[in-house]
Amino acid sequence: MDEVTGAQLIAEALKSQNVEYMFGIVGVPIIEVAMAAQAAGIKYVGMRNEQAIYFSRPAVCLVVSGPGLIHALGGMANANMNCWPVIVIGGSSDRNQETTGAFQEFPQVEACRLYSKFSARPSSLEMIPAVVEKAVRSSIYGRPGATYIDIAGDMVNAKIDRASVRFVSCCPAPPVSQADSREITQAVRLLRAAQRPLIIIGKGAAYARAEKEVRELVEVTGIPFLPTPMGKGVLSDDHPNCVAAARSRALLQADVIVLLGARLNWILHFGFPPRFSPHVKIIQVDLCAEELSNNVRAASALLGDIGAVVRQLLETVRSWRFPSDSQWWLTLKEKMTANAQISKSLALQSTLPMNYYTAFHHISELLPKDCIIVSEGANTMDIGRTMLLNYLPRHRLDAGTFGTMGVGPGFAIAAAVLEQTQKSAQRVVCIEGDSAFGFSGMEVETMCRYKLPIIIIVINNNGIYSGVDPETWKEMEKMGDMTTIAPPVTLLPEARYEQVMSAFGGRGYLVRTVEELRSALQESLDNTQMPSLLNVLIDPASDRKQQSHFILRSSSCC
Numbered sequence: 001m002d003e004v005t006g007a008q009l010i011a012e013a014l015k016s017q018n019v020e021y022m023f024g025i026v027g028v029p030i031i032e033v034a035m036a037a038q039a040a041g042i043k044y045v046g047m048r049n050e051q052a053i054y055f056s057r058p059a060v061c062l063v064v065s066g067p068g069l070i071h072a073l074g075g076m077a078n079a080n081m082n083c084w085p086v087i088v089i090g091g092s093s094d095r096n097q098e099t100t101g102a103f104q105e106f107p108q109v110e111a112c113r114l115y116s117k118f119s120a121r122p123s124s125l126e127m128i129p130a131v132v133e134k135a136v137r138s139s140i141y142g143r144p145g146a147t148y149i150d151i152a153g154d155m156v157n158a159k160i161d162r163a164s165v166r167f168v169s170c171c172p173a174p175p176v177s178q179a180d181s182r183e184i185t186q187a188v189r190l191l192r193a194a195q196r197p198l199i200i201i202g203k204g205a206a207y208a209r210a211e212k213e214v215r216e217l218v219e220v221t222g223i224p225f226l227p228t229p230m231g232k233g234v235l236s237d238d239h240p241n242c243v244a245a246a247r248s249r250a251l252l253q254a255d256v257i258v259l260l261g262a263r264l265n266w267i268l269h270f271g272f273p274p275r276f277s278p279h280v281k282i283i284q285v286d287l288c289a290e291e292l293s294n295n296v297r298a299a300s301a302l303l304g305d306i307g308a309v310v311r312q313l314l315e316t317v318r319s320w321r322f323p324s325d326s327q328w329w330l331t332l333k334e335k336m337t338a339n340a341q342i343s344k345s346l347a348l349q350s351t352l353p354m355n356y357y358t359a360f361h362h363i364s365e366l367l368p369k370d371c372i373i374v375s376e377g378a379n380t381m382d383i384g385r386t387m388l389l390n391y392l393p394r395h396r397l398d399a400g401t402f403g404t405m406g407v408g409p410g411f412a413i414a415a416a417v418l419e420q421t422q423k424s425a426q427r428v429v430c431i432e433g434d435s436a437f438g439f440s441g442m443e444v445e446t447m448c449r450y451k452l453p454i455i456i457i458v459i460n461n462n463g464i465y466s467g468v469d470p471e472t473w474k475e476m477e478k479m480g481d482m483t484t485i486a487p488p489v490t491l492l493p494e495a496r497y498e499q500v501m502s503a504f505g506g507r508g509y510l511v512r513t514v515e516e517l518r519s520a521l522q523e524s525l526d527n528t529q530m531p532s533l534l535n536v537l538i539d540p541a542s543d544r545k546q547q548s549h550f551i552l553r554s555s556s557c558c
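Going by the UniProt record's numbering, the first residue of the sequence shown is number 1, and it counts up by one from there.
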């Protein structure tokens, strides 16, 4: 009789579904699952924080029962909100101890249903491969998202005759669907009649790997485009049709907008006035029917795969081109030039401490065009998005739709593991606000343990949004109890974050000047053997340039 354990069945089922990576924090009762995964040829990366696991966007996340699973629910919610396919496996208490107050007992399957597309526990060892296949299929079919598999502790090491197991073959790739031809005709009619057309490229276009089709649509029609934060790079930010530098003007005055895998949520101001024209017509392309006409009724709703739908549009629209000498293009170019001059004047300031724009200007001059940029924070992410260009699709990761802080190190680790495996030589640069770094900063140990040459740049302004300088801090300390005096947004001035990296064997740099910044970053780029952290001290009072519209602080998370 050929016997196999539950842990082996899980690992073999994952391998049969072409899972390559598992990220996790092991403990009772799932240690053997991680070991079986490695034996099956799956790469296992041990993390330091359950939340950081999910932010890695791995194929599989492995967590322990009870508090471990609860701690990871935020990561599941983040993955689900961002439409990322994640398969979560959690250990749980033994089946014969349910309702008895077992160690770390918790209704995990029920809890995870709120944050996932599919949540289940295999009813028996025989059913493990079938449940794994359904979890994988559910995570990638339709709108991608998180799924959860619960494994009772007594199932991990239990054995069964292999002949009794219900094995399932690898699920095929999701089917590709096209839009209704009548809606395509309507969309093209709207575009041809537009006086101020605009294409908005969302992260859905990046996930769909539709960059070739989107590029052709933009270049055939001559329509200006605007990327959402993680839609950056589908077309290069330096493409002549990119009008990101005139974002507010483009959104406000466009009369026809093509949404390619972008949602009219808070990131795009819901499509509402005063940020959008009340008369704007929306052509919406999305693979999720429930998303169509959310907040603003779509004048043309194109349900289907983005690449396939854009090809349909191209077949009908090829004979038409929006004139490059139109008043619309003139308006946008004038606004882009004016905004660029303001940013440039801020970037070239020589005062110390540096401001955001100066730091990002010099960082952008040294970063390779094919690097993967991970970014999180408030002003750090918001300003960095405008100053750091992306040239390739799927090369930018940030706090996303859920505006989740603590994502940076996990994202960076996952990206670096992939680049290391593929031997692509592309660098991963993780740009963190000092507050954001505090959420998952201990993951620098993970980076050092696996010798991942990630470059972390902490933009340190001594606070959340803004802080105070060391002298002001000392004066406040003289005034009495800091819990009643220190502004809630302040952090310890000039905290030595670079020493955290140095403590684990990486390279740490304290940066105060432009010369130190350029030198430290170049040294870090030249070093491909270990991670580095640049602690860049900037003016605590540094802020964004003045905006055309009042923007809530929450918008800095987009």
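In this text, a Cβ means the ideal position worked out from N, Cα and C, and glycines have one as well.
What separation, rounded to the nearest whole angstrom, lies between the Cα atoms of residue i and residue j?
| i | j | result |
| --- | --- | --- |
| G304 | S181 | 11 angstroms |
| S435 | M381 | 12 angstroms |
| I257 | S324 | 17 angstroms |
| V500 | A135 | 38 angstroms |
| K474 | L534 | 25 angstroms |
| A194 | A244 | 20 angstroms |
| S555 | M482 | Annotation note: pLDDT 40 at S555 (below 50); position unreliable, coordinate value reported separately. Taking the straight line joining both Cα atoms gives about 30 angstroms. |
| Q17 | Y465 | 44 angstroms |
| I283 | S293 | 9 angstroms |
| N96 | F360 | 57 angstroms |
| N157 | P122 | 14 angstroms |
| I70 | G406 | 16 angstroms |
| Y509 | V374 | 19 angstroms |
| R209 | A152 | 38 angstroms |
| M35 | T316 | 54 angstroms |
| M1 | I128 | 19 angstroms |
| I551 | S524 | Unreliable positioning characterises I551 in this predicted model, as indicated by a pLDDT of 42, which lies under 50. The coordinate reading is nonetheless provided below. Those two C-alpha atoms are separated by around 35 angstroms. |
| D238 | Y497 | 33 angstroms |
| R113 | A541 | 44 angstroms |
| G377 | L521 | 20 angstroms |
| G271 | E471 | 45 angstroms |
| residue 571 | I383 | The chain is shown only over 1 to 558; residue 571 falls outside these bounds and no answer can be derived. |
| P368 | S343 | 21 angstroms |
| A7 | V63 | 14 angstroms |
Per DSSP, which one or two residues make a beta bridge with residue i?
| i | result |
| --- | --- |
| A152 | S92 |
| T147 | I87 and F118 |
| M354 | I538 |
| E432 | E376 and V458 |
| I257 | L198 and I282 |
| C242 | F225 |
If we call anything under 9 angstroms between Cβ atoms a contact, is residue i one with residue j?
| i | j | result |
| --- | --- | --- |
| R394 | L287 | no |
| P29 | S124 | no |
| T404 | R263 | no |
| A72 | C61 | yes |
| T87 | T147 | According to the sequence provided, residue 87 is Ile. The question's Thr does not apply to it. Taking 9 angstroms as the Cβ cut-off, I87 and T147 qualify as a contacting pair. |
| G433 | N379 | yes |
| L392 | G233 | yes |
| Q178 | A299 | no |
| C242 | L226 | yes |
| C430 | I455 | yes |
| E126 | I160 | yes |
| A37 | L14 | yes |
Are the C-beta of residue i and some C-beta of chain C separated by less than 9 angstroms?
| i | result |
| --- | --- |
| I223 | Considering every chain present, this structure includes no chain C. It has just one protein chain. |
With respect to the beta strand (DSSP E) encompassing residue i, which residues constitute its N-terminal and C-terminal limits?
| i | result |
| --- | --- |
| T5 | E3 to T5 |
| M22 | Y21 to G24 |
| A301 | S300 to L303 |
| Y509 | R507 to V511 |
| N460 | I455 to N460 |
| I160 | K159 to D161 |
| C288 | Element bounds for C288: n/a, residue is neither H nor E. |
| V45 | K43 to G46 |
| residue 592 | With the chain covering 1 to 558 only, the question about residue 592 has no answer from this structure. |
| P129 | From DSSP, P129 is part of no beta strand (DSSP E) but of the alpha helix (DSSP H) over I128 to I140. |
For the putative contact between residue i and residue j, defined by C-beta atoms under 8 angstroms, what is the C-beta separation to the nearest angstrom?
| i | j | result |
| --- | --- | --- |
| V514 | T358 | 7 angstroms |
| G467 | T484 | Contact doesn't hold; Cβ gap of about 18 angstroms is too wide. |
| residue 575 | G408 | No answer is possible for residue 575: it lies beyond the span of the chain, which begins at 1 and ends at 558. |
| L190 | V214 | At roughly 18 angstroms, the Cβ-Cβ gap does not stay under 8 angstroms, so L190 and V214 are not in contact. |
| L313 | L217 | 6 angstroms |
| I42 | I89 | Going by Cβ atoms, the distance from I42 to I89 rounds to 12 angstroms, so no, they are not a contact pair. |
| I25 | G68 | 7 angstroms |
Tell me which residue opens and which closes the alpha helix (DSSP H) that residue i is part of.
| i | result |
| --- | --- |
| N295 | No alpha helix (DSSP H) contains N295, which DSSP labels as neither H nor E. |
| C112 | Q108 to R113 |
| I70 | P67 to M81 |
| A448 | Reading the sequence as shown, one finds Cys at residue 448 and not Ala. Per DSSP, C448 belongs to the alpha helix (DSSP H) from V444 to R449. |
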